Amino acid sequence: MTTAGQETAAPAYGGRARAPEVPETPEVPGTEEIEEAAERVWRNLRALVLERNERRKEVAEALGMSFFRAKALRRIAKRPSQMSELAAELASDRPYLTLVVDDLEKRGLVERRQHPTDRRCKIVSATEAGLAAAARANAILSSPPPALLTLSDADLADLDRITSSLAALPQD
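Below you can see the structure in the form of C-alpha coordinates.
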(Lines of atoms letter the chains of each structure in order from A; the text may use other names.)
(Lines give C-alpha, C1' and ligand atoms only; values in the text may rest on other atoms or scores of the structure.)
Protein backbone atom coordinates (compact mmCIF):
# COMPACT_ATOMS: atom_id res chain seq x y z
CA MET A 105 0.00 0.00 0.00
CA THR A 106 1.30 3.41 -0.91
CA THR A 107 0.45 6.78 0.50
CA ALA A 108 -0.35 9.79 -1.63
CA GLY A 109 2.74 11.08 -3.40
CA GLN A 110 4.82 7.97 -2.59
CA GLU A 111 6.11 6.07 -5.59
CA THR A 112 7.02 2.44 -5.64
CA ALA A 113 9.64 0.76 -7.71
CA ALA A 114 8.32 -1.82 -10.14
CA PRO A 115 9.44 -5.29 -9.18
CA ALA A 116 12.08 -6.45 -11.64
CA TYR A 117 11.81 -10.06 -10.51
CA GLY A 118 8.05 -10.33 -10.32
CA GLY A 119 7.84 -9.91 -6.54
CA ARG A 120 6.21 -7.19 -4.50
CA ALA A 121 6.80 -3.53 -5.24
CA ARG A 122 9.25 -1.78 -2.90
CA ALA A 123 9.75 1.85 -1.98
CA PRO A 124 12.67 3.59 -3.72
CA GLU A 125 15.83 3.98 -1.70
CA VAL A 126 16.16 7.42 -0.22
CA PRO A 127 19.73 8.63 0.04
CA GLU A 128 20.79 9.51 3.56
CA THR A 129 21.14 13.19 4.24
CA PRO A 130 24.65 14.02 5.27
CA GLU A 131 24.85 14.94 8.90
CA VAL A 132 25.44 18.67 9.28
CA PRO A 133 27.84 19.40 12.09
CA GLY A 134 26.41 21.36 14.97
CA THR A 135 27.81 24.52 16.45
CA GLU A 136 29.92 22.62 18.97
CA GLU A 137 31.55 20.49 16.26
CA ILE A 138 32.25 23.56 14.12
CA GLU A 139 33.81 25.38 17.08
CA GLU A 140 35.98 22.35 17.89
CA ALA A 141 37.11 22.08 14.27
CA ALA A 142 37.86 25.82 14.10
CA GLU A 143 39.91 25.59 17.31
CA ARG A 144 41.81 22.60 15.93
CA VAL A 145 42.56 24.41 12.65
CA TRP A 146 43.68 27.54 14.52
CA ARG A 147 45.92 25.46 16.81
CA ASN A 148 47.54 23.87 13.77
CA LEU A 149 47.99 27.22 11.98
CA ARG A 150 49.55 28.75 15.10
CA ALA A 151 51.90 25.79 15.44
CA LEU A 152 52.90 26.05 11.79
CA VAL A 153 53.35 29.81 11.65
CA LEU A 154 54.20 30.97 15.16
CA GLU A 155 55.89 28.01 16.80
CA ARG A 156 57.63 26.00 14.11
CA ASN A 157 58.46 28.91 11.77
CA GLU A 158 59.02 31.90 14.03
CA ARG A 159 60.27 34.61 11.73
CA ARG A 160 60.19 37.51 14.21
CA LYS A 161 63.33 36.31 15.98
CA GLU A 162 65.05 35.87 12.62
CA VAL A 163 64.14 39.45 11.63
CA ALA A 164 65.36 40.83 14.96
CA GLU A 165 68.69 39.01 14.62
CA ALA A 166 69.16 39.99 10.96
CA LEU A 167 68.52 43.68 11.65
CA GLY A 168 70.12 43.80 15.09
CA MET A 169 67.06 45.31 16.76
CA SER A 170 63.89 44.28 18.56
CA PHE A 171 61.06 43.02 16.42
CA PHE A 172 58.93 46.00 17.47
CA ARG A 173 61.58 48.37 16.11
CA ALA A 174 61.64 46.36 12.88
CA LYS A 175 57.83 46.50 12.75
CA ALA A 176 57.91 50.28 13.22
CA LEU A 177 60.55 50.60 10.50
CA ARG A 178 58.51 48.46 8.10
CA ARG A 179 55.47 50.64 8.73
CA ILE A 180 57.45 53.89 8.27
CA ALA A 181 58.96 52.51 5.04
CA LYS A 182 55.45 52.00 3.64
CA ARG A 183 54.39 55.59 4.17
CA PRO A 184 55.90 58.60 5.96
CA SER A 185 53.68 59.54 8.90
CA GLN A 186 53.21 61.71 11.92
CA MET A 187 54.20 60.21 15.26
CA SER A 188 50.58 60.22 16.45
CA GLU A 189 49.52 58.15 13.41
CA LEU A 190 52.36 55.69 13.99
CA ALA A 191 51.50 55.33 17.67
CA ALA A 192 47.87 54.55 16.82
CA GLU A 193 48.70 52.08 14.05
CA LEU A 194 51.34 50.27 16.11
CA ALA A 195 49.18 50.30 19.27
CA SER A 196 52.00 51.95 21.18
CA ASP A 197 52.10 54.89 23.53
CA ARG A 198 53.73 58.02 22.15
CA PRO A 199 56.64 58.27 24.64
CA TYR A 200 57.76 54.71 23.87
CA LEU A 201 57.40 55.26 20.14
CA THR A 202 59.53 58.40 20.46
CA LEU A 203 62.31 56.24 21.98
CA VAL A 204 61.95 53.73 19.14
CA VAL A 205 62.08 56.41 16.44
CA ASP A 206 65.04 58.09 18.21
CA ASP A 207 66.91 54.77 18.03
CA LEU A 208 66.00 54.22 14.37
CA GLU A 209 67.13 57.77 13.61
CA LYS A 210 70.49 57.22 15.37
CA ARG A 211 70.98 54.13 13.21
CA GLY A 212 70.39 56.22 10.09
CA LEU A 213 67.22 54.31 9.17
CA VAL A 214 64.65 57.11 9.53
CA GLU A 215 64.58 60.88 9.54
CA ARG A 216 62.23 63.46 10.96
CA ARG A 217 61.14 66.44 8.88
CA GLN A 218 58.89 69.38 9.56
CA HIS A 219 55.27 68.83 8.50
CA PRO A 220 54.66 71.01 5.41
CA THR A 221 51.53 72.71 6.81
CA ASP A 222 51.63 72.15 10.59
CA ARG A 223 54.82 73.41 12.23
CA ARG A 224 53.92 71.59 15.47
CA CYS A 225 54.20 68.17 13.78
CA LYS A 226 57.08 66.14 12.46
CA ILE A 227 56.88 63.60 9.66
CA VAL A 228 58.94 60.44 10.05
CA SER A 229 60.18 58.80 6.85
CA ALA A 230 62.61 56.02 6.00
CA THR A 231 66.06 56.74 4.59
CA GLU A 232 67.57 54.64 1.80
CA ALA A 233 69.22 52.45 4.47
CA GLY A 234 65.85 52.20 6.25
CA LEU A 235 64.09 51.14 3.06
CA ALA A 236 66.74 48.46 2.49
CA ALA A 237 66.42 47.17 6.07
CA ALA A 238 62.62 47.10 5.81
CA ALA A 239 62.88 45.19 2.52
CA ARG A 240 65.19 42.67 4.19
CA ALA A 241 62.69 42.21 7.04
CA ASN A 242 59.83 41.81 4.56
CA ALA A 243 61.80 39.18 2.62
CA ILE A 244 62.36 37.16 5.79
CA LEU A 245 58.72 37.47 6.89
CA SER A 246 57.46 36.54 3.40
CA SER A 247 59.49 33.35 3.20
CA PRO A 248 57.01 30.45 3.39
CA PRO A 249 57.43 27.70 5.96
CA PRO A 250 59.13 24.64 4.42
CA ALA A 251 56.04 22.54 5.19
CA LEU A 252 54.03 24.50 2.60
CA LEU A 253 56.47 23.48 -0.10
CA THR A 254 55.67 19.81 0.57
CA LEU A 255 51.99 20.22 -0.38
CA SER A 256 50.65 19.01 -3.69
CA ASP A 257 49.60 21.61 -6.26
CA ALA A 258 45.94 20.85 -5.53
CA ASP A 259 46.35 21.12 -1.74
CA LEU A 260 48.31 24.35 -2.08
CA ALA A 261 45.62 25.77 -4.39
CA ASP A 262 42.91 24.79 -1.87
CA LEU A 263 44.84 26.36 0.99
CA ASP A 264 45.43 29.50 -1.08
CA ARG A 265 41.72 29.76 -1.87
CA ILE A 266 40.71 29.25 1.77
CA THR A 267 43.25 31.62 3.29
CA SER A 268 42.52 34.27 0.64
CA SER A 269 38.81 34.17 1.45
CA LEU A 270 39.56 34.38 5.19
CA ALA A 271 41.97 37.28 4.71
CA ALA A 272 39.33 39.14 2.68
CA LEU A 273 36.77 39.04 5.51
CA PRO A 274 36.31 42.30 7.41
CA GLN A 275 38.13 42.48 10.73
CA ASP A 276 36.06 42.20 13.88
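All the letters of the sequence shown, read from the start, carry residue numbers 105 to 276 under the working numbering. Don't be surprised by glycine CBs; every beta carbon is placed ideally from N, CA and C. What you are looking at is a predicted structure, and each value in this text was computed from that prediction instead of being measured.
By the DSSP assignment, the beta strand (DSSP E) with residue i in it spans what residues?
i	result
E189	Careful: E189 lies outside any beta strand (DSSP E), inside the alpha helix (DSSP H) at M187 to E193.
Between which two residues does the alpha helix (DSSP H) holding residue i run?
i	result
S268	D257 to A272
Please report the distance separating the alpha-carbon of residue i from that of residue j.
i	j	result
R224	R217	11 Å
P199	E137	46 Å
P248	D207	30 Å
T135	A141	10 Å
A258	A251	15 Å
R160	L245	7 Å
I266	D222	45 Å
L263	L255	10 Å
Q186	A239	21 Å
E209	R144	43 Å
L149	R156	10 Å
A243	E165	14 Å
A176	E162	16 Å
L201	S188	9 Å
K226	G212	17 Å
A280	L253	The structure shown does not extend to residue 280, since the chain is modelled only from 105 through 276, so no value can be given for it.
P274	S268	12 Å
L152	E158	9 Å
P220	A192	21 Å
Assuming residue i and residue j form a contact by the criterion Cβ under 8 Å, report the distance between their Cβ atoms to the nearest whole angstrom.
i	j	result
V204	T231	Rounded, the Cβ-Cβ distance is 16 Å, inconsistent with contact.
P154	A241	Residue identity check: residue 154 is Leu in the sequence provided, not Pro. Contact doesn't hold; Cβ gap of about 17 Å is too wide.
L314	V228	Nothing can be reported for residue 314, as the shown portion of the chain is limited to 105 through 276.
**Message:** So within the region 139-179, which uninterrupted alpha helix (DSSP H) runs reach at least 4 residues, ignoring any that extend past its ends?
**Reply:** Listed in chain order, the alpha helix (DSSP H) elements of length 4 or more contained wholly in the region 139-179 are 160-167.
**Asked** Does the region 189-207 come within contact of the region 166-179, defined as at least 3 CB pairs closer than 8 Å?
**Response** Touching, per the Cβ criterion.
**Request:** Report yes or no: do the region 176-187 and the region 234-241 share at least 3 C-beta pairs separated by less than 8 Å?
**Result:** As far as the Cβ criterion goes, the region 176-187 touches the region 234-241, which means the pair count is three or higher.
**Item:** Within the region 203-241, ranges of the beta strand (DSSP E) (whole runs, at least 3 residues)
**Value:** You should have 214-218 and 226-230.
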